[in-house]
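Working notes for the structure below.
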Amino acid sequence: MRRLLPLLVLAACGTRGSLYTSPLKPLPLVATQGALVQVVPQTNRAVVVTGTTPYTQTVTLSSGARAAVAVPGTDTVAVLTGAPKAPTLDLVDVAGLSATVLETPGFFDTVTFSPDGRFGLLTYVAAARGGQLVARNLNEVGLLDTASLSLRRLQLDTESLAPRSVVFGPVEGARRLVAVTLERGVAVLDALHPEVPTRRISVRPQGSTGDTPVLEAVFSRDAHWLFLRVSGQDDVVAVELGSEVGAPVSASVNFVAGGRGLADIETAPEGTDDAVLAVYASSKEAFLLDARGIQDNHRRLSLTDVAAHVARMTGTTVLLWNEGSRTVTAWDVKDGRSGVVALDGVASAPLVVPALDKALFPLPQVSSSAGTGPALATVSLTDDTNRVRLHLQGVQLAQAFAASAYDAQGQRLFFSVAGSSTVVSMDLRTLQLVELALDATPQRLFYLPGTDLVAADHGALLGDVTFAPAGTSDRAGALRLSDFALSGDLQRPEDAR
């Protein structure tokens, strides 16, 4: 009878699976510390699934839910709700099964949170077009303070359309800078002092008549510098920021030259102040660039192969690679030591684990004495007297690497392979593998640190998730829940608050 009820509901709602007069389109699952949350706009419900019991719980939402984002490090989900002329934001407390509704200053499309979850910036997406609205001010943003539950409208005052990205600076004593990258320059605001006007910073290379689109932005560790990678330029734009508090931040712009074909920038390692990491694909070089452009302070590494990405590891060591290449390079930017390893196949996007000095590269195809097929390559960094040694270990896979989830505290990787219902747990310290066979193929994997559970989403429209204790091979502890998108009272949207 449990399986029959959803079928009867869908049958009564129309042949295309509609709920009353609107299609049933639950938003993608969102993971908090201890639960999965499924927002269903058609029922104005947030369905909370913990996996610790066979029951689900619901929270009533405002109508018009269109996007849901987990607040980092919490059991709260932010849901953009409301109508174009009466927009709202619902903050869903998963543990308390309640929602706090805030009026928003605009019908925003998305929200980006700081890593600590203290602040969120609500912004527009130009391509969204605003639905029923005939005019939108794409230069306005909404600043959410989750501590005070306040939401304030800010004006960026630029000629650009909607922001391209939002980057939060590190926590400082009396301020928290936020960079909003734009098609024309960048805007900087202070989240702790929203009453202070936003500072708009122009990025105009020599000989240019207009601002250049910003592709990437990173703050220095002390927020004294904001580094930009901009379209069509090999120079890194180094913006020196003043120390003002309670006043618009001052800014001095400098263009710092390195190699050719700037592909990536990254915050410099600790102990290398007033500098930025930069990788150049065309000239096959990596630099630690002095922020003020003093050539004698630059540090350079000539690469044996193209690299387009850089990541910090422990200490002053960084890792460089290129998706589509076999070469991985490690470089200690302080003493100049380096090392290179060749993978057995072409690399895909890796999982980098700086705390363990490791990176895991999914390889779609390798050829070895063990046969031909996909693999997962682990690159570990160790110190040697004259170089940084890279140690390569491989894990053979039956099929291509598919879904994955990461336990940062326990240093475990959970993954599945294409076409298989098995979830593999890998201890990243020892590379020990544990397999758990499920009843269906995972489409996505989640790790819930609050309950130490792995959740496998099987991709069904009405919800179908298997929960299991992390790292186990015993199916006895697994719990599969399905059809939970219909949990709670089924009501028409116009009947909801």
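Under the working numbering, think of the first position of the sequence shown as 59, with each following residue one higher.
Backbone N, C-alpha and C fix where the C-beta goes; we use that ideal spot for every residue, glycine too.
The stretch 490 to 502 makes no contact with the stretch 431 to 450, as fewer than three CB pairs between them are under 8 Å.
Per DSSP, reduced to three states, the secondary structure at residue 380 is coil, with no helix or strand assignment.
Judged by DSSP secondary structure, residue 360 falls within the beta strand (DSSP E) whose first and last residues are 357 to 360. Residue 543 is a Cβ neighbour of residue 96, given a cutoff of 8 Å. Close CB contacts of residue 519 within its chain, under the 8 Å cut and outside five residues either way in sequence, are with 75, 82, 84 and 543 (chain order).
Secondary structure within the stretch 256 to 286: not one fully enclosed alpha helix (DSSP H) run of 4 or more consecutive residues is present. The Cβ atoms of residue 476 and residue 457 lie closer than 8 Å to each other. Taking 8 Å as the cut-off, the Cβ atoms of residue 470 and residue 529 count as close. Note on geometry: alpha-carbon atoms of residue 279 and residue 425 lie some 42 Å from one another. Per DSSP, the beta-bridge partners of residue 416 are 411 and 438. Secondary structure note for residue 222: it is in no beta strand (DSSP E), with a DSSP letter that is neither H nor E. Between the stretch 206 to 219 and the stretch 228 to 248 there are three or more C-beta pairs closer than 8 Å, enough to call the two in contact.
Here the alpha carbons of residue 132 and residue 173 stand approximately 11 Å from one another. Residue pairing by DSSP places residue 338 opposite 320 and 343 in a beta bridge.
For residue 250, the CB contacts under 6 Å within the same chain, skipping 5 residues up- and downstream, are 233 and 234 in chain order. Bridge partners of residue 201 according to DSSP: 179 and 210. Spatial neighbours of residue 288 in its own chain (CB-CB distance under 7 Å, excluding positions within 5 residues in sequence) are listed in chain order as 261, 270, 271, 272, 273 and 295. By the 16-neighbour rule on beta-carbons within 10 angstroms, residue 143 is exposed.
Residue pairing by DSSP puts residue 527 in a beta bridge opposite 511. If you compare the alpha carbons of 474, 284, 122 and 156 with that of residue 105, the shortest gap goes to 156. Taking all protein chains shown into account, residue 113 has fewer than 16 neighbouring C-beta atoms within 10 Å of its C-beta and is therefore exposed. The three-state secondary structure of residue 542, taken from DSSP, is helix. In the structure shown, residue 185 adopts helical secondary structure according to DSSP, grouped into three states.
Non-local beta-carbon contacts of residue 168 in its own chain, meaning distances under 7 Å to residues more than five positions away in sequence, involve 125, 181 and 183 in chain order. Looking at the backbone, the Cα of residue 399 and that of residue 439 are separated by about 10 Å. Taking one beta carbon from each stretch, the stretch 405 to 412 and the stretch 376 to 384 have 3 or more pairs nearer than 8 Å; the two touch.
Listed in chain order, the non-local C-beta contacts of residue 396 below 8 Å within the same chain comprise 359, 387, 388, 389, 390, 445 and 446, local neighbours out to five positions each way being set aside. The beta carbon of residue 210 sits closer than 6 Å to those of 201 and 252, all from its chain and outside the five residues before and after it, given in chain order. If you draw a straight line from the Cα of residue 255 to the Cα of residue 303, it comes to about 12 Å.
The DSSP-derived three-state label of residue 348 is strand. Following the DSSP letters along the chain, one finds residue 251 in no beta strand (DSSP E), marked with neither H nor E.
For residue 153, the closest of 135, 160, 139 and 319 by C-alpha to C-alpha distance is 135. Within its own chain, no residue has a Cβ closer than 8 Å to the Cβ of residue 353 once the five positions on either side in sequence are excluded. If you ignore the 5 residues before and after residue 410, its C-beta comes within less than 7 Å of the C-beta of 369, 377 and 417, all in its own chain and listed in chain order. Judged by DSSP secondary structure, residue 312 falls within the beta strand (DSSP E) whose first and last residues are 309 to 314. The beta carbon of residue 276 is closer than 8 Å to those of 225, 284, 285, 323, 324, 325 and 334 in its chain, skipping five residues each way along the sequence.
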